[in-house]
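Right, one structure below, let's go through it.
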Amino acid sequence: MRTELAYSEEFNEEINAERAYELYWAEVIFDKRAFRCAHEGCPARYTCANMDKPELLLKQQPHFREQQGHEVHAADCGALAAQKELRGGGTSGPRAEAGTPAPDRLLLKRPAGHFTPKQTLPGGAVGTSGTRSAGGEGGVRSRSTAFYSVRSLVSRWLKARRAGTDEEQTLQVGAQEALSYKEMFECIFYKHRQLSGCTRVYWGTATITEEAKAYRIKFSSAVQSIADTPLKEQRRPTVTIWKDDLKTFEMRAMLEKRLLNYAQSGKDCVAFVYGEPEIKAAKAGDVTFVNFAVRSMDLVSIESTSIYDLLRRPGEG
Ligand SMILES: [Zn+2]
Numbered sequence: 001m002r003t004e005l006a007y008s009e010e011f012n013e014e015i016n017a018e019r020a021y022e023l024y025w026a027e028v029i030f031d032k033r034a035f036r037c038a039h040e041g042c043p044a045r046y047t048c049a050n051m052d053k054p055e056l057l058l059k060q061q062p063h064f065r066e067q068q069g070h071e072v073h074a075a076d077c078g079a080l081a082a083q084k085e086l087r088g089g090g091t092s093g094p095r096a097e098a099g100t101p102a103p104d105r106l107l108l109k110r111p112a113g114h115f116t117p118k119q120t121l122p123g124g125a126v127g128t129s130g131t132r133s134a135g136g137e138g139g140v141r142s143r144s145t146a147f148y149s150v151r152s153l154v155s156r157w158l159k160a161r162r163a164g165t166d167e168e169q170t171l172q173v174g175a176q177e178a179l180s181y182k183e184m185f186e187c188i189f190y191k192h193r194q195l196s197g198c199t200r201v202y203w204g205t206a207t208i209t210e211e212a213k214a215y216r217i218k219f220s221s222a223v224q225s226i227a228d229t230p231l232k233e234q235r236r237p238t239v240t241i242w243k244d245d246l247k248t249f250e251m252r253a254m255l256e257k258r259l260l261n262y263a264q265s266g267k268d269c270v271a272f273v274y275g276e277p278e279i280k281a282a283k284a285g286d287v288t289f290v291n292f293a294v295r296s297m298d299l300v301s302i303e304s305t306s307i308y309d310l311l312r313r314p315g316e317g
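Next comes the structure, spelled out in structure tokens:
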């Protein structure tokens with residue numbers, strides 16, 4: 001049986017598989033089998049599948065799988081009971097309760113110590129209090145809606161599209177008003193050459209080149225205008241990843257592998273960047289460029305073009 005949350009023996013906290021993926025690539029945790037059932041004292045163990053894959057086909061997201069050949073859940077395991085309740089009995093779909101669900105949140109800054117394992121006290125108790133107080137649902141679902149990276153947002157968006165809920169499911173970034181996933185993701189492609197200019201997740205097919213001090217991501221489609229400002233000439237927007245900025249990024253190993261892979265192969269990728277496009281003038285002459293300033297490495301994601309298979313809505317050929 002699968003679970004949303006498991007207790008990481010290396011991080012000393014109950015986490016979801018997405019978080020395990022981040023911690024692995026930040027070199028904070030190392031063993032994909034070092035997870036146990038979140039219910040205290042329950043002997044069941046989990047493996048975090050796909051945790052170590054630098055590039056994920058989006059079909060294979062990281063997830064917890066129960067380890068075979070290990071003890072089963074304790075008779076009084078609350079985590080198991082909560083999972084069964086979520087899966088079975090009466091709940092038709094992810095939100096059977098009345099009212100509008102709270103928006104998901106993209107947090108632009110990770111809390112201090114986000115990659116620091118919690119200290120265990122003698123006797124195995126965890127030194128920080130409150131990590132288990134996740135509200136009435138036993139924490140099975142309630143903590144899965146705050147994100148720290150565009151990369152994890154992308155898989156959430158894909159799921160919403162496939163479920164046909166991307167117009168209702170909303171997302172809030174910082175103090176910005178909540179928008180639906182559909183409004184938040186703005187595609188740069190040949191049928192959409194007029195960008196809104198708003199702060200959004202811009203995405204589209206792109207190529208990557210490596211330079212001495214940077215990786216240059218270039219969207220494949222040219223843009224004609226931004227908000228109401230037409231460009232003198234159509235331009236392919238770019239995103240620059242400075243190698244110096246990469247150095248301080250916790251998950252640099254993953255991002256660098258992805259950037260290098262596409263820079264060396266010359267293959268198309270699909271790039272996502274949260275921010276707004278800027279029109280920049282060249283140092284000399286009358287030329288302008290369109291550029292996305294990257295505020296944090298967490299706000300860029302590089303995916304393979306296999307993502308397009310998942311983007312097709314069910315029933316769309
Ligand atoms: Zn258990």
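Counting with full-length UniProt numbering, you get residues 1 to 317 for the letters of the sequence shown. Where is the CB? At the ideal position from N, CA and C, for every residue including glycine.
Here DSSP, grouped into helix, strand and coil, assigns E256 to helix. Cα atoms of A227 and F185: separation of roughly 16 Å, rounded to the nearest angstrom.
For C48 against F64, the beta-carbon gap comes to about 6 Å, under 8 Å, which counts as contact. Counting only unbroken stretches of 3 or more residues, the beta strand (DSSP E) elements lying wholly within the region 19-89 are 45-49 and 63-66, in sequence order.
When the five nearest sequence neighbours on each side are left out, no beta carbon in the same chain lies closer than 7 Å to the beta carbon of E85. Counting of Cβ neighbours within 10 angstroms places D298 among the buried residues, the total reaching 16 or more. Under the DSSP assignment, S155 falls in the alpha helix (DSSP H) whose first and last residues are V150 to A163. For Y308, there is no enclosing beta strand (DSSP E); the enclosing alpha helix (DSSP H) has its first and last residue at I307 to L311. Under DSSP, L195 forms a beta bridge with I226. C-alpha of L80 to C-alpha of C198: approximately 44 Å in a straight line. Here DSSP, grouped into helix, strand and coil, assigns S304 to coil.
Ranked by Cα distance from W25, the options F115, Q67, R105 and Q83 are led by F115. The alpha carbon of E276 has as its nearest neighbour, out of V287, A263 and V294, the alpha carbon of V294.
Separation of K257 and G164 (C-alpha to C-alpha, rounded to the nearest whole angstrom) is 33 Å. Between N291 and P237 the beta-carbon gap is near 7 Å, inside 8 Å, which marks them as a contact.
Our two residues, E4 and L107, have alpha carbons roughly 20 Å apart in a direct line. Counted as a single uninterrupted DSSP element, the beta strand (DSSP E) harbouring L171 occupies residues T170 to V173.
DSSP, read as helix, strand or coil, puts N12 in coil.
The distance from the Cβ of A6 to that of Y46 is about 4 Å, consistent with a contact at the 8 Å cut-off. Around the beta-carbon of Q83, 16 or more other beta-carbon atoms lie within 10 Å, marking it buried. For A214, the distance from the CB to the nearest heavy atom of ligand 1 is not below 7 Å.
Here A284 carries a coil assignment [DSSP, helix/strand/coil]. Straight-line measurement puts the Cα of T207 at about 7 Å from the Cα of A263. For L179, the closest of Y190, I188, W157 and F189 by C-alpha to C-alpha distance is W157. R36 is classed as buried because its beta carbon has at least 16 other beta carbons within 10 Å across all chains shown. Here K243 is near K213, since their CB atoms are less than 8 Å apart.
Here L5 is bridged, per DSSP, to N16. Closest option to K267, judged by alpha-carbon separation, among V150, S220 and A34: S220. A buried status is given to G204, since no fewer than 16 other beta-carbon atoms sit within 10 Å of its beta-carbon.
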